[in-house]
Amino acid sequence: MDQGRGVPGAIILAPRTKNTRTQNQELRTPHSEPRTKNTRTQNQELRTPRPNSPFSIFNSQFTPISLSLTNLCMFQILSYTTKNFEVNMRYDVIIVGAGPAGLAAAIYSARGGLTTAVFEKAMVGGQITVTEEVENYPGFEEPISGFELTAKMQAQAERFGAVFIEEEITAMGMEGLCKVIEAGGQYYRAKSVIICTGAHPRRMNVPGEERLTGRGVSYCATCDGAFYRDKVVAVVGGGDSAIEEAMFLTRFAKKVIIIHRRDELRAQKIIQERAFRNPKMEFIWDTVVQKIHGETRIEKLELVNRKTTDITMLPVDGFFIYIGILPSNQLLESRINLDSAGFVYTDEYMHTNIPGIYAAGDIRYTPLRQVVTATSDGAIAAWSAEKWIIENEDEFEVDCAEQ
Ligand code: NAP
Numbered sequence: 004m005d006q007g008r009g010v011p012g013a014i015i016l017a018p019r020t021k022n023t024r025t026q027n028q029e030l031r032t033p034h035s036e037p038r039t040k041n042t043r044t045q046n047q048e049l050r051t052p053r054p055n056s057p058f059s060i061f062n063s064q065f066t067p068i069s070l071s072l073t074n075l076c077m078f079q080i081l082s083y084t085t086k087n088f089e090v091n092m093r094y095d096v097i098i099v100g101a102g103p104a105g106l107a108a109a110i111y112s113a114r115g116g117l118t119t120a121v122f123e124k125a126m127v128g129g130q131i132t133v134t135e136e137v138e139n140y141p142g143f144e145e146p147i148s149g150f151e152l153t154a155k156m157q158a159q160a161e162r163f164g165a166v167f168i169e170e171e172i173t174a175m176g177m178e179g180l181c182k183v184i185e186a187g188g189q190y191y192r193a194k195s196v197i198i199c200t201g202a203h204p205r206r207m208n209v210p211g212e213e214r215l216t217g218r219g220v221s222y223c224a225t226c227d228g229a230f231y232r233d234k235v236v237a238v239v240g241g242g243d244s245a246i247e248e249a250m251f252l253t254r255f256a257k258k259v260i261i262i263h264r265r266d267e268l269r270a271q272k273i274i275q276e277r278a279f280r281n282p283k284m285e286f287i288w289d290t291v292v293q294k295i296h297g298e299t300r301i302e303k304l305e306l307v308n309r310k311t312t313d314i315t316m317l318p319v320d321g322f323f324i325y326i327g328i329l330p331s332n333q334l335l336e337s338r339i340n341l342d343s344a345g346f347v348y349t350d351e352y353m354h355t356n357i358p359g360i361y362a363a364g365d366i367r368y369t370p371l372r373q374v375v376t377a378t379s380d381g382a383i384a385a386w387s388a389e390k391w392i393i394e395n396e397d398e399f400e401v402d403c404a405e406q
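Everything in the sequence shown is counted per the numbering used here, starting at 4 for the first residue and increasing by one.
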């Protein structure tokens, strides 16, 4: 049974105004206060059909005049009580996470005529929204902020009918053809699920870290390294990522100082040897960063030598944190195959080991984690999901209809 395929699904209950975006852009100026997690979310509430929202089509107190029957049918309401607004909704594709991978998957899926819902618990755009300028995503001659880039992706996905739902998914039923998602006390069903929950850099959790992120503190040399031409930067960590990224930074910075908590690196020997040979690299051993100082941007690092307990101040222009990356895999059951660090194994079609479930972007076991690779993954995952749905159309009619 076709669940509203081809029907434009985005229900815009309040028109997006020019002001909405402008306000957000103002918040993204480098010297403004850091944007709170809610900034995009507040706007989303204007255009996202949330089951329990006062704007929701499911709220009996609200009668959307412009809502057509066609729009309503798209949701295939399976059960509904006005008392607690309990509803069940069905989509062809549910995308978990609205970073670049999820957004690209949404564009491809919705444009392919599949009813598509994207769940995001926090901020549409994911990690990249904290990057002030993205200058290596093809198609943008001038740098674009991560926030603006992903906002464009969201608008593009919405234009094709993708629905954005601001809810945290609390459970996923992966058994059978028809997948079940629980979010915000509601149950949603999908023929296919694309997991785009991403990864997050391990934080140091020291004073100044959060406040100065995007203001000299960074977790991505590939993204931000070029801003430190002829500057002094420090990198914390002793693994492959820290050393490789530090080497990358020597292309721009005049000095790159590795701060490591032990007296030997964890990185592979060949990588270490290259680093030791590089005249721009310096090493501070047995030392941890206990505080990041700076008013409007980073000024210096407060270091403690773990052997002597001496405290010193290190003036820097930039500080890159590479103390490991953590997959956002809390949702995934043990049935999804993960590598030892918790990233999802997929094949080149983004299949996980569970039929109908795909993974894309940083959550994947992958050699490069960039916006361009995430969007590529998302496109492939949506294409694979579409093939899966077409191939199993007859079975879905039985399996999904019964649930
Ligand atoms: P990693 O190997 O886990 O290294 C993390 C580093 O950060 C370690 O040196 C660790 O110190 C240090 N660290 C951890 N917590 C810290 C804290 N709170 N304060 C200060 N330092 C802290 O992580 P990674 O470098 O991101 O690499 C992740 C995985 O990807 C690894 O398996 C790595 O081999 C792989 N990788 C491979 C390549 C490549 O093959 N080219 C490139 C990048 C990454 P200790 O050493 O004292 O524990």
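Virtual Cβ for every residue (Gly too), placed ideally from N, Cα, C.
Roughly how far, in whole angstroms, is the beta-carbon of Phe122 from the beta-carbon of Ala186, given that I think they are within contact range, below 8 Å?
-> 6 Å
Local Cβ density within 10 Å of Glu170, reported as buried at 16 or more and exposed below that | buried
Under 6 Å Cβ to Cβ from Ala385, same chain only, skipping five residues before and after it: list those, please.
-> Taken in chain order, the residues that qualify are Ala108, Tyr111 and Ser112.
Can you tell me which of Thr153, Glu138 and Asp95 puts its alpha carbon nearest to the alpha carbon of Pro103?
-> Comparing Cα-Cα distances from Pro103 to each of Thr153, Glu138 and Asp95, the minimum goes to Thr153.
Measure how close the beta-carbons of Val235 and Val319 come, nearest whole angstrom, since I'm counting them as under 8 Å.
-> Right, their Cβ atoms sit about 6 Å apart.
Just the C-alpha distance for Glu144 and Ala229, rounded to the nearest angstrom, thanks.
-> 15 Å
Assigned secondary structure, Met250 (DSSP; H/G/I helix, E/B strand, else coil) = helix
For the putative contact between Phe167 and Ala125, defined by C-beta atoms under 8 Å, what is the C-beta separation to the nearest angstrom?
-> In this structure Phe167 does not touch Ala125 by the C-beta definition: roughly 12 Å separates them, more than the 8 Å allowed.
Starting from Gly105, follow the alpha helix (DSSP H) in both directions and report where the run begins and ends.
-> From DSSP, the alpha helix (DSSP H) with Gly105 extends over Pro103 to Arg114.
Per-residue DSSP class, three states only, for Glu136 | Here Glu136 carries a coil assignment [DSSP, helix/strand/coil].
Evaluate contact between the stretch 374–390 and the stretch 351–358, counting only Cβ atoms and requiring at least three cross-stretch pairs below 8 Å.
-> Contact between the stretch 374–390 and the stretch 351–358 is present, because at least three Cβ pairs lie under 8 Å.
What do you reckon, is the C-beta of Met284 under 8 Å from a heavy atom of the ligand NAP?
-> no
Can you check whether the CB of Gly240 is closer than 9 Å to the CB of Ile326?
-> For Ile326 and Gly240, yes; Cβs fall inside 9 Å.
Can Val291 and Pro141 be called in contact, C-beta distance under 9 Å?
-> no
Say yes only if the C-beta of Arg269 is nearer than 8 Å to one or more non-hydrogen atoms of the ligand NAP, and no if none qualify.
-> yes
Can you list, in chain order, the residues of its chain whose CB lies under 7 Å from that of Glu248, leaving out five sequence neighbours each side?
-> Ala224, Val238, Phe323 and Tyr325
State yes or no: is the C-beta of Gly321 within less than 9 Å of the C-beta of Ile339?
-> no
Coil, strand or helix - Phe399 by DSSP | helix
What did DSSP end up calling Met207 once you bin it into helix, strand or coil?
-> coil
The alpha helix (DSSP H) with Val1 in it runs from where to where?
-> No information on residue 1 is available, as it lies outside the stretch 4 to 406 that the chain covers here.
Measure how close the beta-carbons of Asn281 and Thr312 come, nearest whole angstrom, since I'm counting them as under 8 Å.
-> About 30 Å separates the two Cβ atoms, so there is no contact after all.
Measure from the C-beta of Arg372 to each C-beta in chain C and report whether the shortest distance is under 9 Å.
-> Any reference to chain C falls outside this structure, which holds one protein chain only.
Can you tell me the Cα-Cα spacing of Glu218 and Val401, whole angstroms?
-> In the sequence as displayed, the identity of residue 218 is Arg instead of Glu. When only Cα atoms are considered, Arg218 and Val401 end up about 54 Å apart.
Could you tell me which of Ala256, Gly364, Ser379 and Tyr368 sits nearest to Gln130, measuring between CA atoms?
-> Gly364
Could you name the residues that DSSP lists as bridge partners for His296?
-> Lys303
Pull up the DSSP beta-bridge partners for Gly321, would you.
-> Val236
Using three-state DSSP, classify Leu329 as helix, strand or coil.
-> strand
Would the C-beta of Gly345 count as close to the ligand NAP, meaning under 8 Å from any of its heavy atoms?
-> no
Alpha carbon to alpha carbon, how far is Phe279 from Arg265?
-> Looking at the two C-alpha atoms, the distance is approximately 16 Å.
Whole-angstrom distance between Pro204 and Leu215, CA atom to CA atom = 15 Å
Verify the contact flag: Ser331, CB atom, against every heavy atom of the ligand NAP, threshold strictly below 8 Å.
-> Incorrect: Ser331 has no Cβ contact closer than 8 Å to the ligand NAP.
Between Leu334 and Val99, which are expected to be in contact by the criterion C-beta below 8 Å, what is the C-beta distance as a whole number of angstroms?
-> Right, their Cβ atoms sit about 7 Å apart.
Thinking just about the alpha-carbon of each residue, which of Glu136, Asn208, Gly149 and Arg93 is nearest to the one in Leu106?
-> Gly149
Among all the DSSP beta bridges, which residues are the ones paired with Thr119?
-> Val96
Would you say the beta carbon of Met250 comes nearer than 8 Å to a heavy atom of the ligand NAP?
-> no
Between which two residues does the beta strand (DSSP E) carrying Gly176 extend?
-> Run containing Gly176: Ile172 to Gly176, per the beta strand (DSSP E) assignment.
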